[in-house]
Structures are given as C-alpha cells and as structure tokens.
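In full-length UniProt numbering, the protein residues as written are 1 to 334.
Every residue, glycine too, gets a C-beta built ideally from N, C-alpha and C.
The structure displayed is predicted, hence computed values, not measured ones.
I have placed the structure first, in the form of structure tokens, so that the comments after it can refer back to it.
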C-alpha cells in the first residue's frame with residue numbers, strides 16, 4: 001500500500017496539469033528519514049522546473065529546495081561529489097538575484113536590507129564551516145565572495161550603486177537553474193534505469209536457485225526409490241537351501257533386480273517454439289496526450305528516452321511516444 005502511495009505522488013509530480021502546490025504540501029509532510037529519496041527528488045525537481053517554465057522567476061524557497069536536495073543526496077552517499085558545480089552555481093545565482101532585485105525600484109530600499117539580513121546573515125551564514133560545524137557543500141568560493149561584498153554594502157553605499165547597475169541578474173539565475181535541472185533530471189533517469197536492471201538481475205538469480213533446488217529434490221527421490229525396490233531375498237534367507245546340519249548353503253547368493261536399459265535417442269528433443277502474441281493496442285487518454293505535449297515542449301522532439309524516464313506514462317515505450325507524436329502532427333493536435 002505504501003509503494004502505491006509513493007507511485008501516485010511521483011505520477012502526479014510528473015504531470016504539468018496538476019497543481020504542483022498540492023503535491024508540494026504532501027511532500028513537506030514526509031520526513032527526510034523516509035526511504036523514498038528518489039520520490040522526494042522527483043517532486044523537488046519537478047516543482048523547480050514548473051516554476052522555471054511557467055513563471056520564469058526565482059524565489060527564496062528555491063534556496064531551501066536546493067538545501068533539501070543536498071540533504072537527500074548526502075543521505076544516499078556522503079561523498080561531496082554528489083553536489084555538482086552546476087548546483088552550487090544555481091544556488092549562488094538565485095541568492096544574489098533574490099537580494100539585488102529590490103534595488104531595481106530604489107537604492108535606499110528597506111526591503112534590500114531585510115533581504116541581506118535574511119539570506120546572507122541568516123541562511124548563508126549558517127552554511128559557512130566553522131570549528132563547531134562542518135558546513136554545507138553548497139558554500140562555494142563564489143558564494144563566499146558575494147557574501148562578503150553584500151554584507152559590506154550595508155555600510156558602503158558604493159557597492160549598492162554597483163549592484164543596481166548589474167544587468168540581467170534574473171536571466172543569469174534562470175540560465176544556471178536550467179542547467180542544473182537538466183543535469184539532475186538526467187542523473188535521476190540514469191539512476192532509475194540502473195535500479196531497474198538490478199531488480200531484474202535479482203529476480204533472475206532467485207529463479208535459478210529455485211530450479212536447482214527442484215533438481216536436487218528429484219535426485220533425492222530417485223535414490224530412495226532404488227533402495228525400496230530391492231529383492232526381498234536381501235532381507236529373508238532362502239529356507240530351501242538349508243543343509244542337513246541346519247545351516248544355509250554357501251552356493252546361495254543375494255540377487256538384486258537388474259537395471260533396465262533405456263534407449264536414448266541421439267536426436268535432440270523437439271520443443272515447440274513459444275508464440276508471442278502482439279500487445280493489445282491501448283487508447284491514449286487526453287491526460288497522456290497533454291503530458292506528451294508538455295514533455296516535447298520542454299525536452300524537445302526526438303528525445304523519447306529522456307521523456308519516458310522523466311515523465312510517467314502507463315505501459316508506453318519510446319516507439320509508442322514517437323508514433324503518437326507523429327499522428328498528432330498529422331492531425332494538427334500537437
């Protein structure tokens with residue numbers, strides 16, 4: 001039952017037509033210790049991707065989402081290689097954009113000071129390593145450099161004027177976030193495929209063990225049968241062969257049943273070939289068609305394997321997606 005609930009959440013997370021905020025509420029109720037890190041990463045990445053493509057904006061909750069993603073990655077593998085350079089760049093760019101965007105209206109904006117206190121003196125300060133804590137792997141040298149000059153800008157207005165003159169900080173943050181999402185979704189798809197292959201290998205190994213046990217049991221049965229068919233003369237003496245002295249004759253022998261010879265044909269045993277039936281065609285629902293349109297718009301036409309790994313389709317293959325998209329183009333429903 002628990003696996004079905006997780007599958008449903010992952011399925012909803014892969015649908016652009018579903019309100020992602022509702023899925024996000026259910027995600028926040030789940031503790032990090034739950035054994036469903038892949039599901040959590042799927043929902044996190046899909047939430048960030050939905051915000052990127054639908055609103056083309058950044059927000060401070062994205063910083064928290066990347067911090068949770070770091071926790072999930074380190075819970076699977078404590079190696080710092082899990083935190084890639086694109087992830088660090090995206091975190092730094094979002095933090096900078098969420099701060100200096102308040103300078104677009106006015107350089108003496110109180111909201112700018114509050115953002116510095118909240119993001120750089122609060123959130124980023126806790127990520128910096130010290131003698132009491134190890135720190136976060138997201139705390140890169142670039143983030144440290146920005147932290148220094150942004151905190152100093154509260155005392156030196158020259159830096160504030162410099163920040164206000166920066167062009168297109170939002171575009172830079174969105175670009176770096178997109179690079180990270182593309183990388184993370186690809187790694188997640190590869191991890192899912194690797195896990196599926198491991199499960200198939202385990203099932204094959206278990207089937208082999210069951211077959212071997214059956215053969216050993218059959219051999220054991222044959223061995224018992226040989227002892228059961230022994231002649232009764234093996235257990236009872238031949239009374240007719242007794243001598244006049246009351247003993248038995250030395251000419252009497254214990255006889256066993258002669259083994260029966262079985263003629264084995266030199267030809268190989270004929271086994272009928274398995275007949276594979278064609279898969280029964282299944283109609284596409286409107287929800288599946290809408291999901292396919294969204295996937296092609298985001299990942300591009302022709303990337304059927306990536307689309308199949310990123311989005312959830314019910315018993316579909318890459319060929320099915322390709323044929324369906326070609327039919328939708330012909331009918332003008334793409």
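- Message: Assuming residue 138 and residue 76 are in contact, meaning their beta carbons sit under 8 Å apart, how far apart are those beta carbons, in whole angstroms?
- Response: In the chain shown, residue 138 corresponds to position 138, counting from 1. In the chain shown, residue 76 corresponds to position 76, counting from 1. With a Cβ gap of about 16 Å, residue 138 and residue 76 do not count as contacting.
- Closest by CA to residue 60, which one among 46, 85, 255 and 124? Counted from its first residue, the chain shown places residue 60 at position 60. Of the listed residues, the one whose Cα sits closest to residue 60 is 124.
- Message: At the level of alpha carbons, what is the spacing between residue 310 and residue 101?
- Response: As a working mapping, residue 310 is identified with position 310 in the chain shown. As a working mapping, residue 101 is identified with position 101 in the chain shown. Rounded to the nearest angstrom, the two C-alpha atoms are 33 Å apart.
- Query: Based on Cα-Cα distance, which residue from 159, 69, 324 and 278 lies nearest to residue 107?
  - Reply: Counting from 1 along the chain shown, the entry for residue 107 is found at position 107. Among 159, 69, 324 and 278, the Cα nearest to that of residue 107 belongs to 159.
- Three-state secondary structure assigned by DSSP to residue 186: Here residue 186 refers to the residue found at position 186 when the chain shown is read from its first residue. If DSSP states are grouped into helix, strand and coil, residue 186 belongs with the helices.
- Message: Quick check on DSSP: helix, strand or coil for residue 130?
- Response: The count along the chain shown starts at 1 and reaches residue 130 at position 130. Residue 130 falls in the coil class under three-state DSSP.
- Item | Where the alpha helix (DSSP H) containing residue 303 begins and where it ends | Along the chain shown, one-based indexing puts residue 303 at 303. Element bounds for residue 303: n/a, residue is neither H nor E.
- Message: Please state the DSSP three-state secondary structure of residue 56.
- Response: Sequence index remark: in the chain shown, residue 56 carries index 56 (1-based). Looking at residue 56 - three-state DSSP - the assignment turns out to be coil, as it is neither helix nor strand.
- If you check the beta carbons only, do residue 177 and residue 45 fall under 7 Å apart? Residue 177 sits at position 177 when you count from the first residue of the chain shown. Residue 45 sits at position 45 when you count from the first residue of the chain shown. Against a cut-off of 7 Å, the Cβ pair of residue 45 and residue 177 comes out as no contact.
- Task: Assign residue 116 to one of two classes, buried (16 or more other C-beta atoms within 10 Å of its C-beta) or exposed (fewer than that).
- Result: Position 116 of the chain shown, counting from 1, holds the residue named residue 116. Its Cβ being crowded by 16 or more others within 10 Å, residue 116 is buried.
- Could you say which of 318, 189, 88 and 57 lies nearest to residue 169 if we only look at CA atoms? Numbered from 1 along the chain shown, position 169 holds the residue referred to as residue 169. If we check each option's Cα against that of residue 169, 57 comes out closest.
- Query: If you count every other CB in all the chains shown that lies within 10 Å of the CB of residue 290, and 16 or more means buried, which is it?
  - Reply: As a working mapping, residue 290 is identified with position 290 in the chain shown. Per the 10 Å Cβ criterion, exposed.
- What number of angstroms, rounded off, separates the C-alpha of residue 306 from the C-alpha of residue 83? Here residue 306 is taken as the residue at index 306 of the chain shown, counted from 1. Here residue 83 is taken as the residue at index 83 of the chain shown, counted from 1. One C-alpha to the other measures close to 22 Å.
- Task: With DSSP as the reference, label residue 46 as helix, strand or coil.
- Result: The residue given as residue 46 occupies position 46 in the chain shown. Three-state result, residue 46: helix.
- The alpha helix (DSSP H) with residue 107 in it runs from where to where? On the chain shown, residue 107 is found 107 positions in, with the first residue counted as 1. Residue 107 -> no alpha helix (DSSP H), and no H or E assigned at all.
- Query: Does the separation of the CB atoms of residue 173 and residue 93 fall below 7 Å?
  - Reply: Within the chain shown, the letter at position 173 stands for residue 173. Within the chain shown, the letter at position 93 stands for residue 93. Yes, they are a contact pair.
- Message: Can you tell me whether residue 321 is helix, strand or coil according to DSSP?
- Response: Taking the chain shown and counting its residues from 1, the one referred to as residue 321 is at position 321. Correct three-state label for residue 321: helix.
- Nonlocal neighbours in the same chain, by C-beta distance under 6 Å from residue 97, ignoring five residues either side: Translated into the one-based positions of the chain shown, residue 97 becomes position 97. Taken in chain order, the residues that qualify are 58, 169, 170 and 173.
- Query: In chain order, what residues of the same chain lie with their CB nearer than 8 Å to the CB of residue 119, ignoring the 5 residues before and after it?
  - Reply: For this step, residue 119 is matched to residue 119 along the chain shown. 60, 63, 95, 98 and 99.
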